[in-house]
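Asks: Dumping the structure here so I can ask a few things about it.
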Amino acid sequence: MDQAALDIRSNLSAARMAEDVKALIACAPRHAGTENEHRAAAYVQQQFGAAGVKVRPERVEGIRAWKLNDCRVRLVEPVRQELTAIALLGSSSTPPAGTVAELVYVGRGTMADFAAADVAGRFVMRDPPRALMLDNASDQTAPQGPTEMMIQRGAAGFVEHSRLLGRILQMPLLSGPQGLPVPAVAVTYEDGQYLKELLREWYAVPRGFKRRDEHVPVKLNLQVDADSSPSYGLNVIGRIDGASRPDEIVCLVAHHDNANGPGACDNAAAVAVNLETARTLAKMPPPKRSIEFLSPTGEEYGEVGSAAYVREYVRPDPSRFVGTLVLDIIGNGDHLYYVTESVCLGKLVRNDPQLNAKLCRVCDRLGYVIEPTPLEYASDDGPFLLAGTPTSYLAKLISPSWPWLHTYMDDFEVVDLNGLTVVAEIAANTIWRIANE
């Protein structure tokens with residue numbers, strides 16, 4: 551381990567990062583464009599300033615501030631039953647009495663499944679997106695589904711269900727920053743299976759109902775009460791100027807907005823690592839290249855904050871950006887992973903193999919093990935990759951750790967605080983080495 555690595559290790563503090571996570575959780579839910587998100591951005595700005603790095607906040611226009619007041623989902627045919635539900639981020643409101651429509655199930659939810667379904671005037675339900683697979687449907691308007699295609703074909707709304715047992719409500723992402731024109735809700739895994747039983751898409755006999763006809767319509771009443779108003783998100787950018795090549799930039803990225811619940815692992819923990827990396831590298835001698843620490847808004851709406859940054863700074867001359875490292879869902883998990891490929895707004899993106907190799911070498915020098923994985927949907931790496939700049943994505947919460955993602959359980963208690971120092975050490979060493987190559 552060289553002197554720079556020793557200096558980085560000696561400056562890292564799990565206790566400081568714990569305080570960062572708590573401060574960001576206190577702003578939850580941090581939906582992009584809301585006062586809570588602005589409070590979180592102000593905290594990030596203050597911490598960058600206290601670290602001694604240059605800092606600039608930038609508005610990202612075209613984001614609606616969304617707040618959920620109430621959500622109810624009822625089966626009305628062939629039986630009457632209340633389901634456990636939550637409205638999805640960006641869902642439209644319904645009339646006070648709700649919206650009633652028949653449910654159509656599109657199976658695994660590939661693009662072929664959606665294309666074959668008659669969705670006009672119906673609520674559309676699919677299986678949850680499959681972890682670590684690249685055939686899950688999405689389009690250019692939504693992070694995790696073919697929302698525009700379904701709305702153009704007349705879908706009355708969307709019903710998602712959790713992939714996890716235990717009456718857990720998860721929030722998939724179907725909305726862009728302008729919100730949805732139709733209601734969208736999520737129900738529990740158990741209620742999702744019950745709906746499939748009624749549709750004869752599951753092996754069990756539905757409780758409370760004995761089928762006598764081949765086709766029995768399943769109808770739901772969705773009631774969503776949500777506020778939505780024009781607003782803006784905030785990107786916060788910290789910067790250490792390079793000494794000899796200031797126009798060349800190395801970038802560390804961690805979004806501060808969240809979709810549902812406290813958002814500790816998604817993504818307050820990564821923001822804490824970004825802040826701690828800035829604090830640590832600010833104490834080092836000036837690097838050759840400039841380093842920017844980006845805390846973008848709107849990742850949960852389809853990476854709109856990082857896309858705005860890329861549009862403003864990267865696309866005019868991508869060659870200036872010599873390496874970008876994205877941190878997301880790193881607060882806990884089974885192993886350390888670098889992402890090899892994923893889907894960003896309907897497009898397959900592949901992370902840079904050379905930058906991933908550098909990340910692996912840093913881990914090896916520090917004595918850590920890191921593994922490759924595909925990921926079903928991109929994070930803020932997507933806009934950078936689409937712009938043609940070398941980008942890696944470091945993650946931990948893969949597969950076995952899904953219970954916390956986009957749920958009320960993603961709280962401070964599930965964060966591996968000492969594990970944050972491992973991620974911060976890897977991030978700081980990777981960024982520092984690229985900045986001084």
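Under this note's numbering, think of the first position of the sequence shown as 551, with each following residue one higher.
Even for Gly, the Cβ is constructed at its ideal location relative to N, Cα and C.
What's the call for residue 956, buried or exposed, on a 16-neighbour Cβ count within 10 Å?
Replies: Numbered from 1 along the sequence shown, position 406 holds the residue referred to as residue 956. With 16 or more Cβ atoms within 10 Å of its Cβ, residue 956 is classed as buried.
Asks: What are the residues that DSSP puts in a beta bridge with residue 655?
Replies: Walking along the sequence shown from the start, residue 655 turns up at place 105. DSSP, once it has assigned bridges, lists 675 as partnering residue 655.
Asks: Once the 5 residues before and after residue 967 are set aside, which same chain residues still bring their CB inside 6 angstroms of it?
Replies: Position 417 of the sequence shown, counting from 1, holds the residue named residue 967. These residues qualify, in order along the chain: 564 and 568.
Asks: For residue 951, collect the residues of the same chain with a Cβ closer than 7 angstroms to its Cβ; drop the 5 residues on either side in sequence, then sort them by chain order.
Replies: Indexing the sequence shown from 1 puts residue 951 at position 401. With a pLDDT of only 48 at residue 951, under the threshold of 50, the placement of this residue in the model should not be trusted; the figure read from the coordinates follows. Same-chain partners within the cutoff: 882, 883 and 884.
Asks: Are the stretch 677 to 694 and the stretch 718 to 736 touching, with three or more C-beta to C-beta distances below 8 angstroms?
Replies: These segments touch.
Asks: To the nearest angstrom, how far is the alpha carbon of residue 865 from that of residue 798?
Replies: To locate residue 865, count along the sequence shown from 1; it is residue 315. To locate residue 798, count along the sequence shown from 1; it is residue 248. In a straight line, the C-alpha of residue 865 is about 14 angstroms away from that of residue 798.
Asks: Measuring straight from C-alpha to C-alpha, what distance separates residue 808 and residue 971?
Replies: The residue you call residue 808 lines up with position 258 of the sequence shown. The residue you call residue 971 lines up with position 421 of the sequence shown. Distance between the alpha carbons of residue 808 and residue 971 is about 22 angstroms.
Asks: Can you list, in chain order, the residues of its chain with a C-beta nearer than 8 angstroms to that of residue 636? Leave out the 5 residues immediately preceding and following it.
Replies: Taking the sequence shown and counting its residues from 1, the one referred to as residue 636 is at position 86. Result list for residue 636: 618, 621, 719, 721, 735, 736 and 810, in chain order.
Asks: What do you get for residue 946, buried or exposed, if any count of 16 or more other CB atoms within 10 angstroms of its CB means buried?
Replies: Against the sequence shown, residue 946 aligns to sequence position 396. Classification for residue 946: buried.
Asks: If we ignore side chains and look at the alpha-carbon of each, how far apart do residue 833 and residue 690 end up?
Replies: By one-based count along the sequence shown, residue 833 stands at place 283. By one-based count along the sequence shown, residue 690 stands at place 140. Roughly 41 angstroms between the two C-alpha positions.
Asks: Quick check on DSSP: helix, strand or coil for residue 955?
Replies: As a first step, residue 955 must be located in the sequence shown, where it is residue number 405. Reduced to three states, the DSSP call for residue 955 is coil.
Asks: Counting pairs of beta carbons, one from the stretch 764 to 771 and one from the stretch 593 to 612, are three or more of them closer than 8 angstroms?
Replies: Touching, no.
Asks: By DSSP, does residue 697 sit in helix, in strand, or in coil?
Replies: In the sequence shown, counting from the first residue as 1, residue 697 sits at position 147. Helix.
Asks: Where in the stretch 695 to 740 do unbroken runs of the beta strand (DSSP E), each at least 3 residues long, occur, reported from the N-terminal end onward?
Replies: You should have 707 to 711 and 734 to 737.
Asks: Would you identify the three-state DSSP class for residue 786, choosing helix, strand or coil?
Replies: In the sequence shown, counting from the first residue as 1, residue 786 sits at position 236. Residue state, collapsed to three classes: strand.
Asks: For the stretch 611 to 663, list the beta strand (DSSP E) runs that are entirely contained and at least 3 residues long, ordered along the chain.
Replies: 631 to 633, 635 to 637 and 649 to 655, all fully within the stretch 611 to 663.
Asks: May I ask which residues mark the beginning and end of the alpha helix (DSSP H) holding residue 577?
Replies: Indexing the sequence shown from 1 puts residue 577 at position 27. Run containing residue 577: none; DSSP gives neither H nor E here.
Asks: Return helix, strand or coil for residue 771, following the three-state DSSP convention.
Replies: Within the sequence shown, numbered from 1, the residue matching residue 771 stands at position 221. Three-state DSSP puts residue 771 in a strand.
Asks: Quick one: grab the DSSP three-state call for residue 865.
Replies: For the purposes of this step, residue 865 is taken as residue 315 along the sequence shown, with counting starting at 1. It is coil, neither helix nor strand.
Asks: Report the three-state DSSP secondary structure of residue 838 (helix, strand or coil).
Replies: Position 288 of the sequence shown, counted from the first residue, corresponds to residue 838. Residue state, collapsed to three classes: coil.
Asks: Any idea if residue 614 is buried or exposed, counting beta-carbon neighbours within 10 angstroms, 16 or more meaning buried?
Replies: Start at 1 with the first residue of the sequence shown, and residue 614 comes out as number 64. Under this definition residue 614 is a buried residue.
Asks: Per the DSSP calculation, residue 941 is bridged to which residue(s)?
Replies: Position 391 of the sequence shown, counted from the first residue, corresponds to residue 941. Residue 941 pairs with 874.
Asks: Assuming residue 998 contacts residue 873 under a Cβ cut-off of 8 angstroms, what Cβ separation, rounded to an integer in Å, is found between them?
Replies: Within the shown structure, residues of the chain are numbered from 551 to 987, placing residue 998 beyond reach of any answer.
Asks: Just mark residue 640 as buried or exposed, buried being the case when its beta carbon has 16 or more other beta carbons within 10 Å.
Replies: Taking the first residue of the sequence shown as 1, we reach residue 640 at position 90. Residue 640 comes out buried.
Asks: Can you name the residues that DSSP bridges to residue 800?
Replies: Stepping through the sequence shown from its first residue, residue 800 is reached at position 250. Bridge partners of residue 800: 841 and 873.
Asks: Go ahead and pull the three-state DSSP assignment for residue 826.
Replies: In the sequence shown, counting from the first residue as 1, residue 826 sits at position 276. Residue 826 falls in the helix class under three-state DSSP.
Asks: Pick out whichever of 728, 986, 985 and 886 has its Cα sitting closest to the Cα of residue 969.
Replies: In the sequence shown, counting from the first residue as 1, residue 969 sits at position 419. Closest option to residue 969, Cα to Cα, is 886.
Asks: Pick helix, strand or coil for residue 846, following the three-state DSSP scheme.
Replies: Walking along the sequence shown from the start, residue 846 turns up at place 296. Three-state result, residue 846: coil.
Asks: Less than 7 angstroms between C-beta atoms, sequence neighbours within five positions excluded: which residues of the same chain meet that for residue 923?
Replies: Position 373 of the sequence shown, counting from 1, holds the residue named residue 923. The residues are 682, 887, 889, 890 and 948.
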